[in-house]
Amino acid sequence: LLQFIEKPAITRKLLPGPPFTFFERKQNLIFISANGAVSFGESFDTKSEDLSEQHKDIIAVLFAPSSNGKVFYRTSHSETLLSRELSAKVRRAFGANQFEASAVLLITWSELLNEKSESNTFQATLATDSNETYAIFVYSTINWTKSGGRVAQTGFFSVDGKNDKVLDQSSSSVGEVAKVTNFNEPGVFIYRISGVEPTDPRRPEGDDYEYQQETQEYDPDDQIVECPPDPYRDKCPPTCKLVMDDQHCVLSSSSENLAGSPYSTLTNDLGQELPLQNIQQQPKTSIQRSPDLSCAPLTSSSQCHANAYCSQFRSGYCCQCEQGYIGNGAECLPQQEALRINGVFQGAINGKNVQKTELFSYIQPADGQQHTALAKINSEIGWSLLLVDSLSTPFGDRYALSIRQEFTDRQFDDQFHVNVLLSGTLPEISGPVQISIPEFEENYRVEKQGKF
1 LLQFIEKPAI TRKLLPGPPF TFFERKQNLI FISANGAVSF GESFDTKSED LSEQHKDIIA
61 VLFAPSSNGK VFYRTSHSET LLSRELSAKV RRAFGANQFE ASAVLLITWS ELLNEKSESN
121 TFQATLATDS NETYAIFVYS TINWTKSGGR VAQTGFFSVD GKNDKVLDQS SSSVGEVAKV
181 TNFNEPGVFI YRISGVEPTD PRRPEGDDYE YQQETQEYDP DDQIVECPPD PYRDKCPPTC
241 KLVMDDQHCV LSSSSENLAG SPYSTLTNDL GQELPLQNIQ QQPKTSIQRS PDLSCAPLTS
301 SSQCHANAYC SQFRSGYCCQ CEQGYIGNGA ECLPQQEALR INGVFQGAIN GKNVQKTELF
361 SYIQPADGQQ HTALAKINSE IGWSLLLVDS LSTPFGDRYA LSIRQEFTDR QFDDQFHVNV
421 LLSGTLPEIS GPVQISIPEF EENYRVEKQG KF
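Residue numbers (UniProt numbering): 1 to 452.
In structure tokens form, the structure reads like this:
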């Protein structure tokens with residue numbers, strides 16, 4: 001157990017053992033700030049008022065000017081009580097049943113004072129198994145979140161400009177940070193930090209913390225992002241779910257269509273009509289898979305779709321759609337047949353609300369075409385939405401735009417349903433204009449179950 005005797009502004013530490021992974025980059029050199037933050041690879045300006053402007057790999061636990069106090073840190077390896085306890089927390093929070101910490105770094109900031117001599121005590125722990133890395137914050141005693149006129153910063157900051165501010169320290173009830181949690185233990189927060197972005201264990205199940213007033217950190221210099229109104233709030237029907245985008249805008253999304261038939265005649269931007277045929281609903285059929293891990297189960301139930309073939313492996317079987325079909329093997333759709341995506345679109349762009357409206361999309365894979373139409377859109381932002389290529393994501397990072405798309409079960413073989421929540425900023429464009437987008441290639445990776 002080491003102690004900063006004179007509490008220097010920042011201390012360099014070479015980490016023994018396997019490196020920690022932060023934003024997909026391996027790190028074995030860490031700099032510990034006495035003001036409640038750490039950085040990887042290189043030091044940072046400890047007087048910074050906005051860590052997102054540093055463009056360095058930084059973890060802010062509760063970063064703000066402080067005086068006095070003590071800072072301790074120690075490292076630990078596998079087969080210690082600390083590593084076993086942390087491994088158990090990770091497995092419980094993320095379902096990572098194989099995780100066993102092989103290296104641990106524990107940092108404690110004890111009795112840090114602000115100008116009013118109020119004290120804070122908190123900890124940060126990094127744990128890795130050489131593949132995945134997790135950060136655990138423990139807020140023991142928090143009596144202040146503002147010092148020297150600056151609000152404390154908490155979150156993860158990347159050298160490429162990405163950042164995730166995970167707690168709101170501007171609340172007047174400063175002690176409440178020790179009462180909230182994303183892990184069922186008051187004052188404890190745990191995140192997976194080795195992926196393309198920090199992962200909160202609660203997000204796949206509801207995107208919210210247990211304490212309902214927890215919000216994203218507010219910076220008065222930031223542009224205010226207005227969330228769209230939510231007509232279902234506090235009276236969400238049985239078929240709806242709550243989703244949250246990266247700007248912490250909450251949407252009560254229902255799988256039921258809005259009023260009006262989804263089979264009306266649509267008009268695209270070119271003035272061409274796209275008649276959508278009235279399709280008779282077919283009875284739903286489902287494949288009852290046998291628990292037998294064999295391509296030839298003892299029961300008469302099929303393991304794969306009729307247009308898929310089954311490959312047998314020692315550990316089980318794998319279904320794969322035949323040539324000319326797409327799907328996961330359990331369900332296969334003709335690759336060249338047109339598809340329809342109907343749903344709901346709403347958001348907040350450039351501080352202006354986009355009222356909930358119907359979205360219709362007609363996809364022709366054989367011709368490589370997709371036609372998307374919105375039933376009603378504000379003319380002030382309608383032309384800017386042309387930059388959002390078919391409501392896809394190639395411009396999301398460029399224009400600080402968050403696009404949340406949630407797909408639900410389809411009612412017909414060729415019809416899907418989607419709820420879209422758009423928030424952020426786009427360049428303001430006055431129409432009429434035509435926007436051409438050159439060919440591009442998008443790469444997707446699985447970040448976690450249900451999220452690409």
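Virtual Cβ for every residue (Gly too), placed ideally from N, Cα, C.
Are Q356 and I381 touching if we call contact CB-CB under 7 Å? Here residue 356 turns out to be Lys, not Gln, going by the sequence shown. Not closer than 7 Å, so no.
Residue nearest to F360 in terms of C-alpha spacing, selected from G316, C310 and Q415: Q415
Check whether Q27 and F40 have beta carbons under 7 Å apart: yes
When the cut-off is 7 Å and only beta carbons count, does E197 lie next to chain B? Included in the structure is just one protein chain, with no chain B present.
Give, in chain order, every unbroken run of the beta strand (DSSP E) that is at least 3 residues long and sits entirely within the region 91 to 120. 103 to 113
Quick one: residues in its chain with C-beta nearer than 7 Å to the C-beta of E53, no 5 flanking neighbours on either side, listed in chain order? none
Would you decide whether E24 is buried or exposed? Buried here means 16 or more other CB atoms lie within 10 Å of its CB. exposed
Buried or exposed: where does S83 fall if 16 or more other Cβ atoms within 10 Å of its Cβ makes it buried? buried
Mind the definition here: the region 137 to 147 touches the region 91 to 98 only if three or more C-beta pairs lie below 8 Å; say whether that holds. no
Out of D160, Q153 and R12, which one is the CA nearest neighbour of V166? Q153
May I ask you to report which of helix, strand or coil DSSP gives V446? coil
Identify, in the order they occur along the chain, each residue of the same chain with its Cβ nearer than 8 Å to the Cβ of R91, setting aside the five sequence neighbours on each side. N97 and F99
Figure out for me which residue from A88, E132 and L105 has the closest Cα to the Cα of F183. A88
Assuming contact is defined by CB atoms lying nearer than 7 Å, are R74 and L106 in contact in what I supplied? yes
Segment contact flag, the region 107 to 116 with the region 153 to 164, C-beta cutoff 8 Å, min 3 pairs: no
Figure out for me which residue from E406, K56 and G424 has the closest Cα to the Cα of F452. E406
S379: first and last residue of the uninterrupted alpha helix (DSSP H) it sits in: S379 to G382
In the DSSP output, which residue or residues are listed as bridge partners for N353? A348
Return the first residue and the last residue of the beta strand (DSSP E) that N419 is part of. Q415 to G424
Report yes if the CB atom of A37 is closer than 7 Å to the CB atom of A60, and no otherwise. yes
Nearest to P19 (by Cα), restricted to the options K56, L426 and E132: E132
For the beta strand (DSSP E) that contains H371, what are its first and last residues? Q369 to L374
Would you call the CB atoms of C319 and A306 closer than 7 Å? no
Spatial distance of Q434 from A373 (CA atoms): 15 Å
For A88, name the three-state secondary structure that DSSP assigns. helix
Looking only at C-alpha atoms, which of S311, S302, V344 and P365 sits nearest to Y325? P365
Can you tell me the Cα-Cα spacing of G148 and N120, whole angstroms? 15 Å
What residues in its chain sit with their C-beta under 6 Å from that of L258, if we drop five residues either side in the sequence? The predicted model places L258 with a pLDDT of 36, which falls under 50 and marks its position as unreliable; any figure quoted below should be read in that light. Taken in chain order, the residues that qualify are E358.
Drop a sphere of 10 angstroms on the beta-carbon of R192, count the other beta-carbons inside from all chains shown, and report buried for 16 or more, exposed for fewer. buried
Which of the three DSSP states, helix, strand or coil, is assigned to V388? coil
Alpha-carbon spacing of H371 relative to N342, whole angstroms: 12 Å
CA-to-CA distance, Q303 to C321, given in whole angstroms: 12 Å
Taking a contact to mean a Cβ-Cβ separation below 7 Å, would you say S384 touches S402 in this structure? no
Roughly how many whole angstroms lie between the Cα atoms of I5 and F72? Since pLDDT at I5 reaches only 41, below the 50 mark, its modelled position is unreliable, and the value read off the structure follows with that caveat. Cα to Cα, I5 sits roughly 9 Å from F72.
Taking all protein chains shown into account, decide if S33 is buried (16 or more other Cβ within 10 angstroms of its Cβ) or exposed. buried
Please state if the CB of L426 and the CB of I349 are separated by a distance shorter than 7 Å. yes
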